[in-house]
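Structure, as structure tokens:
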Amino acid sequence: MIIGLLLTNNGVENMERQITEFIINQAKLSIVQGDITKQNTDAIVNAANSSLMGGGGVDGAIHKAGGPTILKECQQIVARQGRLPAGKAVITKGGNLKAKHVIHTVGPIWRGGEKGESEILASAYRESLKLAMEYKFNSISFPSISTGAYSYPVDKASVIALKTVINTLRNSTDTIREVIFVLYNNQIFKAYTSALKELAKQQIS
Ligand code: ADP
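Counting from 381, one number per residue, gives the positions in the sequence shown under the working numbering.
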């Protein structure tokens, strides 16, 4: 059951701004503006592409900060099981990152909304959380999957992302105690903040 929504702003210069927290069962969901490569949660999630060979956006940032061991493991995964379909997830070590693991998932490319995009996006979040639970992680950070190069409109993507995480946490008695959405740019951050406030209102009323 959801027991509360807190509004906070730590106001400390050069620190990530943390605005909203949402409590679900024994887990806390929060939204911060910042760089996911700096997070020290048990895992961070990468919005990868099916090749798993790195790319731009958050994918490029994670490989750059984590170093070559992540790419090497990704290559081994692709050699073993082929390209990663959209909506699925795999895990590697975190290399030089503070996070010990990276969960790589592939979101949908936005093609107008009638090509199963919403279900694939929800699946990318669900499959990532499933892996985190299998590994008994306590904490995980997500970027805003598909809202960069893959052009998913953020007003829609934010609702799907948050609802999927909330529903998964609500239905689980698992090890996960903290889920953080780490949003790089202000427009995306604002969209998630208002989506979470709206969802909180619906839950509470
Ligand atoms: P996709 O191909 O899934 O759209 P992108 O990496 O292009 O993936 O964009 C996904 C989101 O990741 C975008 O909202 C982008 O602003 C954000 N992003 C880019 N770099 C970082 C980072 N270092 N930390 C967190 N989010 C990031």
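Think of the CB as a built atom: it goes at the ideal place given N, C-alpha and C, for glycine as much as any other residue.
| Who are the Cβ neighbours of G492 in its own chain at under 8 Å, not counting the five residues just before and after it? | As a working mapping, residue 492 is identified with position 112 in the sequence shown. Hits under 8 Å: none found.
| task | Enumerate, from N- to C-terminal direction, the unbroken beta strand (DSSP E) stretches of 3 or more residues contained entirely within the segment 446-506. | result | 469-473, 481-486
| request: Inspect the beta-carbon positions of V486 and K468 and report whether they are closer than 8 Å. | output: Along the sequence shown, read from residue 1 onward, the residue named residue 486 stands at position 106. Along the sequence shown, read from residue 1 onward, the residue named residue 468 stands at position 88. Between V486 and K468, the C-beta gap is smaller than 8 Å, which places the two residues in contact.
| said: Rounding to the nearest angstrom, what Cα-Cα distance links T449 and I424 in this structure? | reply: Position 69 of the sequence shown, counted from the first residue, corresponds to residue 449. Position 44 of the sequence shown, counted from the first residue, corresponds to residue 424. Computed Cα separation, rounded: 15 Å.
| request: Quick one: using the 10 Å Cβ neighbour count with 16 as the cut-off for buried, is A459 buried or exposed? | output: If you number the sequence shown from 1, residue 459 lands on position 79. Looking at its Cβ environment, which holds fewer than 16 other Cβ atoms inside 10 Å, A459 is exposed.
| Given G528, which residues of its chain have a CB within under 6 Å of its CB, disregarding the five upstream and five downstream residues? | The count along the sequence shown starts at 1 and reaches residue 528 at position 148. So the qualifying residues of the chain are G437.
| Where does I416 sit, in a helix, a strand or coil, going by DSSP? | Here residue 416 is taken as the residue at index 36 of the sequence shown, counted from 1. Three-state DSSP puts I416 in a helix.
| query | What beta strand (DSSP E) runs, 3 residues minimum, are completely inside the segment 500-567? | reply | 519-522, 558-563
| Between F561 and F522, what straight-line distance do the alpha-carbon atoms span, to the nearest angstrom? | Taking the sequence shown and counting its residues from 1, the one referred to as residue 561 is at position 181. Taking the sequence shown and counting its residues from 1, the one referred to as residue 522 is at position 142. Distance between the alpha carbons of F561 and F522: 5 Å.
| Candidates G435, A571, I483, S430: closest to K536 by CA position | In the sequence shown, counting from the first residue as 1, residue 536 sits at position 156. Looking at the Cα atoms, A571 is the closest of the given residues.
| query | With a cut-off of 8 Å, does the C-beta of P465 fall near any C-beta of chain B? | reply | Going by chain labels, chain B is absent from the structure shown, which holds only one protein chain.
| said: Please report the distance separating the alpha-carbon of N565 from that of Y532. | reply: As a position in the sequence shown, residue 565 is number 185, starting the count at 1. As a position in the sequence shown, residue 532 is number 152, starting the count at 1. Cα-Cα distance, rounded: 15 Å.
| request: Would you identify the three-state DSSP class for S410, choosing helix, strand or coil? | output: In the sequence shown, the residue the question calls residue 410 occupies position 30. Strand.
| field | Three-state secondary structure (DSSP) of T400 | value | Numbered from 1 along the sequence shown, position 20 holds the residue referred to as residue 400. It is a strand residue.
| task | Label Q413 either buried or exposed according to how many other C-beta atoms from any shown protein chain fall within 10 Å of its C-beta, with 16 as the threshold for buried. | result | Locating residue 413 in the sequence shown gives position 33, where the first residue counts as 1. Result: buried.
| task | Please report how far the alpha carbon of I520 lies from the alpha carbon of Q567, in whole angstroms. | result | Here residue 520 refers to the residue found at position 140 when the sequence shown is read from its first residue. Here residue 567 refers to the residue found at position 187 when the sequence shown is read from its first residue. In a straight line, the C-alpha of I520 is about 22 Å away from that of Q567.
| request: Look at the alpha carbon of I403 and the alpha carbon of S503, and state the distance between them as a whole number of angstroms. | output: The sequence position of residue 403 within the sequence shown is 23, counting from 1. The sequence position of residue 503 within the sequence shown is 123, counting from 1. If you take the alpha carbons of I403 and S503, they lie about 22 Å apart.
| task | Would you mind working out which of Q406, S552, K452 sits nearest K331, comparing C-alpha positions? | result | Residue coverage of the chain in this structure runs from 381 to 585, which leaves residue 331 outside it and unanswerable.
| Span of the beta strand (DSSP E), counted from its first residue to its last, around N405 | As a first step, residue 405 is located in the sequence shown; it is residue number 25 there, counting from the start. Counting along the chain, N405 falls outside any beta strand (DSSP E), and DSSP gives it neither H nor E.
| said: With a threshold of 7 Å (Cβ to nearest heavy atom), would Y564 be considered close to the ligand ADP? | reply: Taking the first residue of the sequence shown as 1, we reach residue 564 at position 184. Result yes, Cβ under 7 Å from the ligand ADP.
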